[in-house]
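Structure, as structure tokens:
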Amino acid sequence: MKIAILIILLVCLVLVLGIGYFCMYYVLTPKVRSMEDGVKLEKELDNWKDYDTYEKEELDVTSFDGYVLHGTFIRNHSPKADEKKFCIITHGYTSNRYGSLRYVPAFYDLGYNIYIYDDRHHGANKRCHTTMGYLEKQDLIEVKNALQERFGKDIKIGIHGESLGCAISLSALGLTQDFKFCVADCGYSDLELLLTELIGGQIHLPKFFVKIASFWCKVVHGFWFSDVKPCKALKENRTPILFIHGDADSFINKHHSQINYEHAINCKKEIHFFPGADHAWSCMSDKAGYDKLVKDFVNSLNI
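Encoded structure:
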């Protein structure tokens, strides 16, 4: 009888650990959108617009650990073009650099040169795994460094991030104050909190599986989910931040932006919620309003 109970307990333990491992793998190794599908989607959404007319250059960046990030540099030739102004746009989970095209026109109109790139594991990059901001924040710093190395240490760089890209951007603010502004669109404040909300509300598994998955993440990849906490990076930040979120976001609840906003206590900041907009859809729900909001915020900084 005791042996039978021990066997049952062992089987349950293996099952729990197995489900936890699967959850970790599912989060960090998602199926990502191909470059071809990225082009197709943005054309269908009418976000391609003037992209073919821009002066573009494929510009790859080798990150701190030798990982190559593939990206595209867009040189500005608008009436307001300023050779000293740059904006780095970071895309969301499972997307690629083409998912950033909806945000390009606003910064192009402001005279900014623009760099869009594929996050680790995404787009044209070598498949590995995403770390949800843990390593990617340093990737963004390396992109900044590469632009400064090529175009001059005196260039003025702003950043825009959507979803995962937002979490990356906010986390990077904890590493440097070199950025002139940050537009933070629908990012999470705390990875473990987000996954706990998702696993309970959408996947319908007990929430303790997030802890098991985090354990596997530490064993396999060297970090806990709780190590990815963008809100924590904001306490000492002085870079101006424009927080944006759809108030009907069904993936990353809008309270994550509210939490991030409340943690940013030492910088100029604004927060705006777009009525009826689902995840990463604020810009698409009101393109004119979104672009005006971004332009007004950036112009107010007198960069």
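Throughout, the numbering used here is defined as the position within the sequence shown, counted from one, plus 1024.
All C-beta atoms in this analysis are idealised placements derived from N, C-alpha and C, irrespective of residue type, glycine included.
Just so we're clear, the structure is a prediction, and the values are computed from it rather than from any experiment.
When DSSP states are grouped into helix, strand and coil, residue 1280 belongs to the helix group. Taking the Cα of residue 1325 as reference, the smallest distance to any Cα among 1103, 1260, 1134 is reached at 1134.
Pairing residue 1269 with residue 1297 gives a Cβ-Cβ distance under 9 Å. Secondary structure note for residue 1245: its alpha helix (DSSP H) is the uninterrupted segment 1232 to 1245.
The shortest C-alpha to C-alpha distance from residue 1119 to any of 1275, 1155, 1189 is the one to 1189. The stretch 1280 to 1298 makes contact with the stretch 1252 to 1271, as at least three CB pairs between them are under 8 Å. Boundaries cannot be given for residue 1288, as no alpha helix (DSSP H) includes it and DSSP labels it neither H nor E. For residue 1080, the uninterrupted beta strand (DSSP E) run begins and ends at 1079 to 1082, by DSSP. Of 1315, 1292, 1304, the smallest CA-CA separation from residue 1204 is found for 1292.
Rounded to whole angstroms, the separation of the alpha carbons of residue 1236 and residue 1206 is 34 Å. The C-alpha of residue 1316 is placed about 10 Å away from the C-alpha of residue 1322.
In the DSSP assignment, residue 1151 falls outside any alpha helix (DSSP H) and carries neither an H nor an E. In summary, residue 1281 is buried, with 16 or more beta-carbon neighbours lying within 10 Å of its beta-carbon over all protein chains present. Taking C-beta atoms under 8 Å as the contact rule, residue 1102 and residue 1132 qualify, at a distance of about 6 Å.
As DSSP reads the structure, residue 1055 sits in no beta bridge.
Comparing alpha carbon positions, the residue from 1234, 1202, 1100 closest to residue 1248 is 1234.
Between residue 1122 and residue 1062, the beta carbon gap of about 4 Å places them in contact (Cβ cut-off 8 Å).
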